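Residue numbers (our numbering): 2 to 116. From the three backbone atoms N, C-alpha and C, an ideal C-beta is built for every residue, glycine too. These figures come from a predicted structure and were not determined experimentally. Note sheet for the following structure.
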DNA sequence: CCGCTGACCCTAG
DNA sequence: ACTAGGGCCAGCG
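See below:
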């Protein structure tokens with residue numbers, strides 16, 4: 002009667018987190034981009050932007066998941082290395098109408114915040 | 001069990 | 001404007 006609480010909670014939390022990340026990323030509209038930090042905050046974790054990347058890494062290869070629209074706060078395509086090819090990420094973004102400033106995305110113009 | 005690593009972000013000097 | 005360091009949670013050797 003007194004036990005089992007801790008164990009259950011821990012397991013549930015981790016799965017729930019993963020689910021939310023995929024859901025939010027999948028909701029990113031075409032022609033928009035968001036950041037790891039924004040997603041992390043939308044989920045409820047204030048400083049766990051790294052976990053967002055971790056979740057995406059586990060889901061890498063899923064064509065239904067526009068992980069190329071997820072970038073860092075600086076507008077840099079930090080996750081390009083985990084794609085099939087480093088250039089693929091930029092190609093996809095440019096194809097959707099995202100503007101680039103040098104090697105970085107014009108995040109100020111295309112930023113989309115999950116609500 | 002301990003420690004390192006990671007698709008990040010913030011604060012301080 | 002740039003560099004350095006700490007914090008965060010989860011996975012892996």
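Are the CB atoms of residue j and residue i within a distance shorter than 8 Å?
| i | j | result |
| --- | --- | --- |
| residue 56 | residue 23 | yes |
| residue 35 | residue 91 | no |
Could you check what DSSP says for residue i in three-state terms: helix, strand or coil?
| i | result |
| --- | --- |
| residue 79 | helix |
| residue 116 | coil |
| residue 28 | coil |
| residue 102 | strand |
Since residue i contacts residue j with CB under 8 Å, what's their CB separation in whole angstroms?
| i | j | result |
| --- | --- | --- |
| residue 108 | residue 76 | 4 Å |
| residue 33 | residue 113 | 4 Å |
| residue 89 | residue 106 | In fact, because the Cβ distance is near 15 Å, the residues do not count as touching under 8 Å. |
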